[in-house]
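First up is the structure itself, then whatever we jot down about it.
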Amino acid sequence: MEPFDPLPPFLREDAAIGVALRRSLIILLLIGGLAGAAIWWFSRPGPMSQSLPDRLAVPLRREAESTVRPPKVLFSSVGSRSGVTFIHQNGAEGAKLLPETMGGGVACFDFDNDGDVDLLFINSNRWAGSKSTAPKPLNGLFRNDTIHGGPWHFTDATSGSGLDLPFYGMGVSCADFDGDGLSDVLITGVGGIRLFKNKGEGKFRDITAASGLPSEGSDWCTAAAWFDADNDGDLDLFIGRYVVWSPELDREVNNQLVGIGRAYGRPWNFPGAFPSLWRNDGSLRSGQPIHFTDVSEASGLRIRNPATSLPMAKTLAVAPIDLNEDGWMDLVVANDTVQNFVFTNRHDGTFREIGAQSGVAFDSYGQARGAMGIDAARFRNDRAVGIAIGNFANEMNALYVTQPARDPLLFADEAITEGLGPASRMYLKFGLFFFDYDLDGRLDLLTANGHIEEEIEKIQTDVHYRQPAQLFWNTGKGISFIAADTNQSGADLFQPLVGRGSAYADLDGDGDLDIVITQLNGPPLLLRNDQSLGHHWVRIRLEGITANREAIGAWVNVVTDDGRRLSRHQMPTKSYLSQSESTLTFGLGKAKITSIEVRWPNGIVTPHTVPLDQTTVIRQLRQ
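So the sequence shown is numbered by our numbering: it starts at 96 and just counts up by one.
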């Protein structure tokens, strides 16, 4: 029996024709779409086409050594039993305001000039209108009283120090900017900056207004770095700003996530903000107070979006370094969700921004990433400089490496070929730094990780709010970096936390480098390095003359009897909102030293000899 067909013959014919036409149209559309896609692919403009690189550097392919494994170097959590009782508080009471996600940094510095490294933790604050009756959060200053070979011991020196002021803090940078032999403290945060002069005996005085720096305002300041921008011998000051923000604007943006509701916003919801540069105009010999002058506009640091003329930067970290070895400090600026900057020093008080031309502005596909922490170093023990940047979740670490044989200002992102890429993709990276944790003479890398949204697992089941740190061991050959795990470095290092700032220092005087990681709304993680590989080392503490006592900007080069040239930069500003110790550590493995030279910030190079397995102070001579 034939199936019943309700359509008359003429309609059946029309229907058949319609089907044929539709099929033909679909085929034509597919062909047209493929052709259009091909045309777009080969002629597509990248982001901000006026700033695209005019040269592309292709990284060399490096082969993995499948038998190489990281050495056994355990890290032990010391915790509050060391006397460090600091707890970070972000002031969150349910409104989900963006600064609550950012955390605070840590500084490893010697505030009392006794030769060991003390700790300063930066706290946030509660918002206006808070109903909490608890004491306001304060920064935490802890004096290191550890005796070599004994258990860690710190004494809380916060109360009465002058640093015990409520402030919605973010970052910290320490330096002896006035040349009196004591390291001073600059704190950044929501509401601007605060500069504290070290008066000695554990006391600090707020001199922000007296120094010419802005003492009031609504700026959200983040990264800060002391460096000599104009080669006049004293330390100038770079201040990074994040976005234009206020609680009212944040509530008006009202960022929402499906399955969560009100959520923390991303920076693209807020306008960018210019970084600033403050020139040190103090006369150390006259005895007059130091004064800073705002030279941001004249210096060329104010980069505008060419489409809107608004500030482009959304800065979270900065790495001052002389990239092209011309004796003048340059700046690499990590921006969140917009292109990174590279400012090259023009030797006349101005800088030229070449981030896109150098290959550092974007990823390999021409896209901006969510950049957080940064560090720069010669991790291969050759002339090439590597700039490592920790990026947002689902974005790999960046590792921009110079191609010195072609151009010292030309970089290629070698994160994948060097082993730092795929392993980092799932993590949200904040603090990041190079350091030689096993003292074999090669710089390794650590990232502190943690998400910004507590309920992220509701919408991304494979992403966690609390995340372990990642430790990448430098193999020295093939693929440079291999991730260590609990079998090699213990469980304490990899405990999940909401990691933010990070820094390193030899906190117990045994020659190897210990780790400090700050945590959002929680205690810091203090990790003692328990390596026992029998490797030789030297630690070098530079002492500059008068204006730059820490010799910030100097390079120290060590040549070993196995033919290696180890190069370390004197720049404690690194990572995310943090500062590591200023003493330089050279792991040597089983090698011995054949020569050491210091290239001081004024360009003079001096040779030296130092004993193995000791810390040596090298003082700059007046020349």
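Even for Gly, the Cβ is constructed at its ideal location relative to N, Cα and C.
Return the residue from the list the options that minimises the CA-CA distance to residue i.
i, options, result
"C203", "D708, L672, S575 and R164", "L672"
"E676", "K298, K191, V712 and D601", "D601"
"R595", "A564, A586 and L622", "A564"
"D698", "A471, Q614 and W650", "Rather than Asp, the amino acid found at residue 698 in this sequence is Gly. Among A471, Q614 and W650, the Cα nearest to that of G698 belongs to W650."
"D301", "A319, G295 and V280", "V280"
"T728", "M491, P503, G481 and T704", "No information on residue 728 is available, as it lies outside the stretch 96 to 718 that the chain covers here."
"D708", "K687, R659, V267 and T388", "K687"
"G186", "A229, V201 and G178", "A229"
"A223", "L192, D205 and T241", "L192"
"F249", "K226, R176, F206 and S306", "R176"
"G481", "L540, G354 and E296", "L540"
"G266", "V700, H703, D625 and A598", "A598"
"G244", "N624, V348, S306 and E550", "N624"
"N476", "V339, G274 and S575", "S575"
"K167", "L566, T704, V693 and I691", "L566"
"A320", "Y263, T283 and G189", "T283"
"I242", "D421, R346 and G604", "G604"
"F487", "R374, M521, A479 and W373", "M521"
"V173", "V611, T704, R659 and G648", "V611"
"Y495", "L418, F530, W423 and G422", "L418"
Give the range of the alpha helix (DSSP H) segment to which residue i is assigned.
i, result
"G450", "G450 to S453"
"E720", "This structure gives no information on residue 720, because the portion of the chain shown stretches from 96 to 718."
Within its chain, find whatever has a CB closer than 6 angstroms to the CB of residue i; leave out the 5 residues flanking it on each side and keep chain order.
i, result
"R458", "Residue identity check: residue 458 is Asp in the sequence provided, not Arg. Closer than 6 angstroms at Cβ, skipping near neighbours: R464."
"D314", "G287 and R336"
"R634", "T678, T680 and T710"
"P406", "G367, A368 and F369"
"Q715", "G639, I640 and W695"
"I484", "A429, A466, I469 and A493"
"D657", "A686"
"S371", "I334 and S391"
"G395", "T445 and F446"
Below 7 angstroms CB to CB, which residues in the same chain sit around residue i once its five sequence neighbours on both sides are set aside?
i, result
"T303", "I288, R289, L290 and S310"
"Q184", "N218, S219, P232 and N616"
"R717", "I640"
"P165", "W568, I577, A579 and Q583"
"V712", "R636 and E638"
"P591", "H559, R561, Q562 and P563"
"W632", "L534, G606, T680, F681, G682, L683 and D708"
"H664", "I416, A472 and W650"
"I449", "V437, T439 and L504"
Going by DSSP, what residue range makes up the beta strand (DSSP E) through residue i?
i, result
"L344", "Note, L344: premise wrong, no beta strand (DSSP E); alpha helix (DSSP H) at P342 to V348."
"E692", "I688 to R694"
"T581", "Where T581 is concerned, there is no enclosing beta strand (DSSP E), although the alpha helix (DSSP H) it sits in stretches over T581 to S584."
"S371", "S371 to N375"
"W363", "Looking at the DSSP string, W363 is not in any beta strand (DSSP E), and its letter there is neither H nor E."
"F181", "Taken as a continuous stretch (DSSP letters only), F181 belongs to no beta strand (DSSP E), as it is neither H nor E."
"H559", "Neither: H559 is in no beta strand (DSSP E) and is coded neither H nor E."
"Y495", "A493 to Q498"
"W568", "Q565 to N569"
"F204", "V201 to F204"
"R595", "G594 to A600"
"V712", "T710 to R714"
"I577", "F576 to A578"
"K524", "K524 to F530"
"N544", "D539 to N544"
"P503", "D502 to D508"
"I334", "D331 to R336"
"T701", "V700 to H703"
"L214", "D213 to F216"
Please list, in chain order, all residues of the same chain as residue i whose beta carbon is under 8 angstroms from its beta carbon, the five residues on each side excluded.
i, result
"G276", "N208 and R644"
"P517", "M491 and I511"
"R399", "L405, P406 and M407"
"P142", "Low per-residue confidence applies at P142: pLDDT is 34, beneath 50, and the placement is therefore not dependable enough to give any value."
"T689", "V654, T655 and D656"
"N349", "R357"
Cβ-heavy atom distance between residue i and the ligand MN below 6 angstroms?
i, result
"D271", "Looking for the ligand MN in the displayed structure turns up nothing, as the structure carries no ligands at all."
Compare the C-beta of residue i against all C-beta atoms of chain B and say whether one is closer than 7 angstroms.
i, result
"Y460", "The chain inventory of the structure shown lacks chain B, comprising one protein chain alone."
Which residue spans inside the region 233 to 297 form an unbroken beta strand (DSSP E) run of at least 3? 235 to 239, 249 to 251, 264 to 270, 279 to 284 and 287 to 295
Could you say if the region 521 to 534 and the region 543 to 553 meet the contact criterion of at least three C-beta pairs nearer than 8 angstroms? yes
In chain order, which beta strand (DSSP E) runs of at least 3 residues are fully inside the region 292 to 328? 298 to 301 and 316 to 322
Report the residue ranges of all beta strand (DSSP E) runs contained in full by the region 410 to 438; include only those spanning at least 3 residues, in chain order. 410 to 416 and 425 to 430
Which runs of the alpha helix (DSSP H) spanning at least 4 residues fall entirely within the region 609 to 683, listed in chain order? none
With a cut-off of 8 angstroms, do at least 3 Cβ pairs link the region 406 to 422 to the region 327 to 344? yes
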